[in-house]
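Numbering (my numbering), first residue to last: 686 to 1123. First the structure, in the form of structure tokens, and then the observations on it.
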Ligand code: 5AD
Ligand code: SF4
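Here's what the structure looks like:
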């Protein structure tokens, strides 16, 4: 999400006459886009600000800015800190950046952290940065209305709003025509995407409708999306996915915990049974669909039994992949106000390690089952580590990374690869045919 936002920021700046600097030493404006989701994300930003401050000491005219969730959360405190920040801009105020940069350059306090009920940056065509020319992120909605007890996002990114579907389809078509072969539609809870004109009797577009519109651009365009919420994942979406081969067979479905009592404390609004039912539905419609998840270890009041429920749910589902975190208390959240962060650091670490060890085993086992199978792989580029000769890397529809040797495959090609070896993170295979060469 921040990556996509940074591309919007770059576009706004370029439209207003700014140019990217070759390196940080020659930049007149240095900004960091920030995340507040866990304390360690914020600590990394404080470290980065020390580096910026040392540059500003040498060149006092440099303008230093903090964007995104930390800007929203800390507001003026960032300017008042000893880090020499000149500019603080929240996630809904990026259109104001050119004016704010000028104000900061003139020595004024430049802060805009107003949240909006409407802003979706729909008309801004993001500048694709650091791109492989194959995959692009497209933001389809902003904010979140869910109020999970542990989460700071609703406070830093504001209320949920959906972007005009035609601007989304146009952006996807534009990147496809420029040679991209994959778009990832982004939102905090894509299942609750809903666009209406607001007038009675007029059309409504749901997420299932939107994804079909994007999938119909071309069968050569892969469509991904993130993140789904288990409480809202609908059969309608699964049916649309099953109908279109170019909608990728992968769902990222954060479970957070395998214990119903814990899920209730987290305010997730589903139970363990509901989650398992959704996974069954996914596999019922698409037996080859991969499922990945997010898990939090050591949320407030977590008992050993609740932790074991998480481990047993992981075994039941056999996730292909998981992002796993220790609970980190965030100021202002429901959990910070109403619960005690009472699981000790030592126990959080122990539980997280148990979760990671189990997931490593599950990931390795599920990759092992792929040996001998043939996958359609979208080539992304050359692999960092060569196996032999020219080694290329790409992904399956299920989002598994595949490396293979080929002299001819180019980024953006679809190839068929038969898997010969598997580790917990990567599949290695042999190129069968380069479909784009037939
Ligand atoms: N502590 C730890 N992990 C968190 N997440 C969100 N808030 C917190 C927190 N306070 C995790 C959730 C979410 C992912 C993006 O980050 O698992 O799905
Ligand atoms: Fe945070 Fe929950 Fe919204 Fe996800 S759905 S961003 S975890 S409040």
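Don't be surprised by glycine CBs; every beta carbon is placed ideally from N, CA and C.
My guess is that residue i and residue j are in contact by the Cβ rule of under 8 Å, so how many angstroms apart are they, rounded?
{"i": "residue 1079", "j": "residue 997", "result": "Not confirmed; about 34 Å, so no contact."}
{"i": "residue 697", "j": "residue 813", "result": "Not confirmed; about 15 Å, so no contact."}
{"i": "residue 846", "j": "residue 805", "result": "6 Å"}
{"i": "residue 1017", "j": "residue 837", "result": "7 Å"}
{"i": "residue 994", "j": "residue 1036", "result": "In fact, because the Cβ distance is near 12 Å, the residues do not count as touching under 8 Å."}
{"i": "residue 913", "j": "residue 876", "result": "5 Å"}
{"i": "residue 1007", "j": "residue 1044", "result": "5 Å"}
{"i": "residue 715", "j": "residue 749", "result": "5 Å"}
{"i": "residue 811", "j": "residue 689", "result": "7 Å"}
{"i": "residue 972", "j": "residue 898", "result": "With a Cβ gap of about 26 Å, residue 972 and residue 898 do not count as contacting."}
Can you tell me where the alpha helix (DSSP H) holding residue i begins and where it ends?
{"i": "residue 911", "result": "Where residue 911 is concerned, there is no enclosing alpha helix (DSSP H), although the beta strand (DSSP E) it sits in stretches over 907-911."}
{"i": "residue 785", "result": "782-790"}
{"i": "residue 899", "result": "892-900"}
{"i": "residue 725", "result": "724-743"}
{"i": "residue 763", "result": "762-765"}
{"i": "residue 773", "result": "Note, residue 773: premise wrong, no alpha helix (DSSP H); beta strand (DSSP E) at 772-774."}
{"i": "residue 923", "result": "920-928"}
{"i": "residue 962", "result": "957-970"}
{"i": "residue 1020", "result": "1019-1023"}
{"i": "residue 1013", "result": "Careful: residue 1013 lies outside any alpha helix (DSSP H) and carries neither H nor E."}
{"i": "residue 985", "result": "Unbroken run through residue 985: none, as it is neither H nor E."}
{"i": "residue 1046", "result": "1030-1053"}
Whose C-alpha, out of the options, is nearest the C-alpha of residue i?
{"i": "residue 978", "options": "1005, 788 and 987", "result": "1005"}
{"i": "residue 966", "options": "936, 988, 945 and 949", "result": "936"}
{"i": "residue 1090", "options": "779, 1009 and 1113", "result": "1113"}
{"i": "residue 1068", "options": "839, 1061 and 1076", "result": "1076"}
{"i": "residue 656", "options": "1025, 719, 959 and 770", "result": "This structure cannot speak to residue 656, because the chain is shown only from 686 to 1123."}
{"i": "residue 1119", "options": "750, 991, 1103 and 835", "result": "1103"}
{"i": "residue 694", "options": "928, 786 and 743", "result": "786"}
{"i": "residue 826", "options": "905, 1008, 853 and 1117", "result": "853"}
{"i": "residue 743", "options": "760, 731 and 712", "result": "712"}
{"i": "residue 1147", "options": "828, 971 and 1083", "result": "No information on residue 1147 is available, as it lies outside the stretch 686 to 1123 that the chain covers here."}
{"i": "residue 926", "options": "862, 1042, 974 and 701", "result": "974"}
{"i": "residue 726", "options": "1074, 1048 and 1015", "result": "1015"}
{"i": "residue 940", "options": "821, 1026 and 1001", "result": "1001"}
{"i": "residue 1085", "options": "1072, 1070, 1053 and 817", "result": "1053"}
{"i": "residue 921", "options": "1082, 899 and 894", "result": "894"}
{"i": "residue 1013", "options": "691, 701, 728 and 1039", "result": "728"}
{"i": "residue 934", "options": "976, 959 and 903", "result": "976"}
{"i": "residue 686", "options": "747, 833, 704 and 718", "result": "718"}
{"i": "residue 883", "options": "902, 1057, 803 and 830", "result": "803"}
{"i": "residue 1070", "options": "1034, 1038 and 1111", "result": "1111"}
{"i": "residue 1073", "options": "1116, 722, 1081 and 1109", "result": "1116"}
{"i": "residue 1049", "options": "799, 723, 730 and 1109", "result": "1109"}
{"i": "residue 1092", "options": "1082, 1106, 1066 and 1107", "result": "1066"}
{"i": "residue 946", "options": "991, 1057 and 932", "result": "991"}
{"i": "residue 747", "options": "791, 896, 987 and 721", "result": "791"}
{"i": "residue 1022", "options": "832, 691 and 731", "result": "832"}
{"i": "residue 830", "options": "823, 843 and 819", "result": "843"}
{"i": "residue 800", "options": "901, 722 and 760", "result": "760"}
{"i": "residue 1082", "options": "704, 930, 691 and 901", "result": "930"}
{"i": "residue 989", "options": "1039, 1047 and 865", "result": "1039"}
What are the boundary residues of the beta strand (DSSP E) that residue i is part of?
{"i": "residue 979", "result": "975-982"}
{"i": "residue 934", "result": "Premise fails: residue 934 is in no beta strand (DSSP E) and is neither H nor E."}
{"i": "residue 1004", "result": "Note, residue 1004: premise wrong, no beta strand (DSSP E); not H, not E."}
{"i": "residue 795", "result": "795-797"}
{"i": "residue 1080", "result": "1076-1081"}
{"i": "residue 719", "result": "714-719"}
{"i": "residue 691", "result": "Not the beta strand (DSSP E): residue 691 falls in the alpha helix (DSSP H), residues 687-700."}
{"i": "residue 1088", "result": "1086-1090"}
{"i": "residue 824", "result": "820-824"}
{"i": "residue 1107", "result": "1099-1107"}
{"i": "residue 1115", "result": "1111-1119"}
{"i": "residue 867", "result": "867-871"}
{"i": "residue 1066", "result": "1059-1067"}
{"i": "residue 748", "result": "748-753"}
{"i": "residue 879", "result": "879-881"}
Distance cut 6 Å, beta-carbon to ligand 1 heavy atom: residue list by chain order: The answer, residue by residue, is 722, 723, 835, 836, 939, 941, 979, 981, 1010, 1012, 1013 and 1015.
Assess, as a yes-or-no matter, whether the segment 905-916 is touched by the segment 869-879 under the definition of 3 or more beta carbon pairs within less than 8 Å. Segment contact: the segment 869-879 against the segment 905-916, three or more CB-CB distances shorter than 8 Å; contact assigned.
Is there contact here, the segment 743-756 with the segment 773-786, by at least three beta-carbon pairs under 8 Å? By the Cβ test, the segment 743-756 is in contact with the segment 773-786, since at least three Cβ pairs between them sit closer than 8 Å.
Taking 8 Å as the cut-off, does the segment 880-887 touch the segment 946-954 (at least 3 CB pairs, one atom from each stretch)? No, the segment 946-954 does not touch the segment 880-887.
When you compare the segment 1018-1038 with the segment 982-998, are there three or more beta-carbon pairs, one atom per stretch, that lie closer than 8 Å? Touching, per the Cβ criterion.
Is there contact between the segment 1097-1104 and the segment 1053-1064, where contact requires at least three CB pairs shorter than 8 Å? When C-beta atoms of the segment 1097-1104 are compared with those of the segment 1053-1064, three or more pairs fall below 8 Å, so the two segments count as touching.
Counting pairs of beta carbons, one from the segment 790-797 and one from the segment 914-922, are three or more of them closer than 8 Å? Between the segment 790-797 and the segment 914-922 there are fewer than three C-beta pairs closer than 8 Å, too few to call the two in contact.
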